[in-house]
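Under full-length UniProt numbering, think of the first position of the sequence shown as 1, with each following residue one higher.
Written below as structure tokens is the structure these notes are about.
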Amino acid sequence: MDTPAEEWHGIGTSGTFGTEQGMKKMSNIYESAANTLGIFNSPCLTKVELRVACKGISDRDALSKPDPCVILKMQSHGQWFEVDRTEVIRTCINPVFSKLFTVDFYFEEVQRLRFEVHDISSNHNGLKEADFLGGMECTLGQIVSQRKLSKSLLKHGNTAGKSSITDFFSKSDPFLEIFRVNDDATQQLVHRTEVVMNNLNPAWKTFKVSVNSLCSGDQDRRLKCIVWDWDSNGKHDFIGEFSSTFKEMRGAMEGRQVQWECINPKYKAKKKNYKNSGIVILNQCKIHKMHSFLDYIMGGCQIQFTVAIDFTASNGDPRNSCSLHYIHPYQPNEYLKALVAVGEICQDYDSDKMFPAFGFGARIPPEYKVSHDFAINFNEDNPECAGIQGVVEAYQSCLPKLQLYGPTNIAPIIQKVAKSASEETNTKEASQYFILLILTDGVITDMADTREAIVHASHLPMSVIIVGVGNADFSDMQMLDGDDGILRSPKGEPVLRDIVQFVPFRNFKHADDMALNLSLQCSPGGYFFIEVWCLSSQMQDYPPTASWLPSNLFPNSVQEHRQECDITESFPLLSASCSLLRPVWCRRHSVGKKGTEPALNCQI
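See below:
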């Protein structure tokens, strides 16, 4: 007569082999397999953990209950070797073993397993033939693929009951998603963490998100957070979820932690003893005030505006009406249009309205040597001009005295302004920000030196606006702009921040009068509004000194603000670091029904 069915449960948590002998034999098995099959350190190796339980064990002595123990064996070269064994549970016919079997799973191998149930006497742990209660064989692949495996126990070739492996456990690959719940109940993804591979207690990297994106400034807006177990096929397994608010998250400031239970509603409804699928911990939360361009200006920051004009021969003879430098009696040329458009915006933030103006690429009197950083008023000791009108007058006055030449080198003028910016950082006030406007008609010829100069200047309170005048090919200028990737020096050093904004003037000069008038009403400078907006973002990127901001705006330290200004938004910035903590007896549980979604279950 068949004995009642027995069930084997493979569940999991962390565990190691229980006996030194078992570990040694397991090592020998894999070493032997490596020598014959060449699979040692296989890239397809995954550790799985099995927990076993039996139901309805029959004893050889009908008058007493057995003291069962399950022994796991693995086949190698036709021989069965003991890998590990569970603890002994006294006088029990339905044992649930706490001991875990940890097995290395090789996808490319057929790994044969044998589970034997023995009645272990309290007097010794040895095995006798009479102690054998039954066994079953399967492959590890069968357990992994089916998750619940039921087979009959056999004793001497006869059926001695039924056994099943209901579950297996492998370490998950968790990631976290945060959704903002909108007023219409729709959900919008705000942030997705990276996947932490093969880890039950992941610690995700610190992330930053604007408060506007997170909750639209509403601290009580509901946030839905979901933890997933990543799967390469894109069908990620649901682990659990929880709800929170920005107000709750702020509780993790000043060294405190905030915790949420990660709940799987399906298992909470079905299982009486279910508590959670783990604990999500917000380890740290910081709120960074991202100061606006207006904050800096009202805090006392002064704009130091410098102009550099291209006087190379490629512009054409200024006496010829086709020249880009031709002075028309009634119509300003493109150089003057660009100069006035940008200069009129910047001059309002300069207290003394005195602007240094330089030229490059021309032979200058009296010796007519080529210079790439000469003062257009020919006063090297004082190159400043009174307002934008003064720059225009100096430009018109110097043109007849120059011999347009070449090449188009802009590194010297960038270095000149960078020197002034560097000297400013060493002063006590350090309240000035330098803007260099470069007007040029063609491709620059000292690209390597220019890249080096820009990388150096990116560490200083300085920005560069390059306006391409004429119809030349300016494709190489995009490299300096940084829109196509991070600009690097010839030695490979990256810029600390993007300080260059390039725009071809021809993209704007043909705008119709209506569009031009509208943009002029919206902002002084009209069609250069976008470029100056980018400039304000570059200023926000630069870590200011105390004199830049009013006392109520300035953070505790300059270094703190240096770290905060890596995202240029006028909204506060939330910086958060969180992790998932699972209890020791935390397992992936599957009830064995087809289509059941695996989840995490905590048994404490």
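Positions of the beta carbon are idealized from the N, C-alpha and C atoms, including for glycine.
- Proximity of the segment 334 to 354 to the segment 375 to 386 meets the contact definition, three or more beta-carbon pairs being nearer than 8 Å.
- Of all C-beta pairs linking the segment 261 to 276 to the segment 299 to 310, fewer than three are shorter than 8 Å, placing the two stretches out of contact.
- Going by DSSP, E424 is part of the alpha helix (DSSP H) stretching over A411 to T425.
- Under the three-state reduction of DSSP output, G485 falls in the coil class, being neither helix nor strand.
- The C-beta separation of L223 from Q257 comes to about 17 Å, leaving the pair out of contact by the 8 Å criterion.
- DSSP places C398 within a helical segment (H, G or I) once states are collapsed to three.
- Between the segment 109 to 122 and the segment 67 to 76, the count of C-beta pairs closer than 8 Å reaches three or more; the two stretches touch.
- Pairwise C-beta distances place the segment 245 to 263 out of contact with the segment 195 to 208, as fewer than three of them are shorter than 8 Å.
- Proximity of the segment 171 to 182 to the segment 219 to 234 meets the contact definition, three or more beta-carbon pairs being nearer than 8 Å.
- Separation of L133 and I143 (C-alpha to C-alpha, rounded to the nearest whole angstrom) is 22 Å.
- Residue nearest to S172 within the set I327, P412, Y296 and E49 is E49 (criterion: CA-CA distance).
- For S243, the enclosing beta strand (DSSP E) stretches over residues D237 to T245.
- The C-beta distance from V307 to V391 rounds to 6 Å, short enough to fall under 8 Å.
- For A338, the uninterrupted alpha helix (DSSP H) segment begins and ends at E334 to C346.
- Only residues of its own chain outside the window of five on either side were considered, and among them S172, D173, P174, H236, D237 and I239 have a CB closer than 7 Å to the CB of D229, listed in chain order.
- Under the DSSP assignment, Y106 falls in the beta strand (DSSP E) whose first and last residues are V96 to Y106.
- Using a C-beta cut-off of 8 Å, the segment 323 to 335 makes no contact with the segment 357 to 368, since fewer than three inter-stretch Cβ pairs fall below that distance.
- Of the residues assessed, V110 falls on the exposed side of the cut-off, its CB having fewer than 16 other CB atoms within 10 angstroms.
- Q79 carries a strand assignment under DSSP once its states are collapsed to helix, strand and coil.
- For G134, the three-state secondary structure derived from DSSP is strand.
- Note on geometry: alpha-carbon atoms of Q79 and E248 lie some 59 Å from one another.
- V181: member of the beta strand (DSSP E) spanning P174 to V181, first to last residue.
- The Cβ atoms of F505 and E380 do not sit closer than 7 Å to each other.
- Its chain contains S371, F374 and L402 as the residues whose beta carbon lies nearer than 7 Å to that of I364, once the 5 sequence neighbours on both sides are disregarded; these appear in chain order.
- For A386, DSSP records a beta bridge to M354.
- With contacts defined by Cβ atoms closer than 7 Å, I435 and S463 form a contacting pair.
- A direct Cα-Cα distance of roughly 30 Å separates A457 from L399.
- By a beta-carbon distance limit of 8 Å, L404 contacts N315. Their separation comes to about 6 Å.
- Contact between C92 and K65 is confirmed by a C-beta separation of about 6 Å, below the 8 Å threshold.
- Between the beta-carbon of S76 and that of E87 there is about 25 Å, and that puts the pair past the 8 Å contact cut.
- Nearest C-alpha to L100 among V83, I413 and V469: V83.
- Here C262 carries a coil assignment [DSSP, helix/strand/coil].
- With distances taken between CA atoms, I57 lies nearest to D131 out of D131, Y296 and A411.
- R85 and S277 have their C-alpha atoms roughly 28 Å apart.
- When DSSP states are grouped into helix, strand and coil, I499 belongs to the coil group.
- Take D220, set aside five residues on each side of it, and the residues of its chain with a beta-carbon closer than 7 Å to its own are T245 and K247, in chain order.
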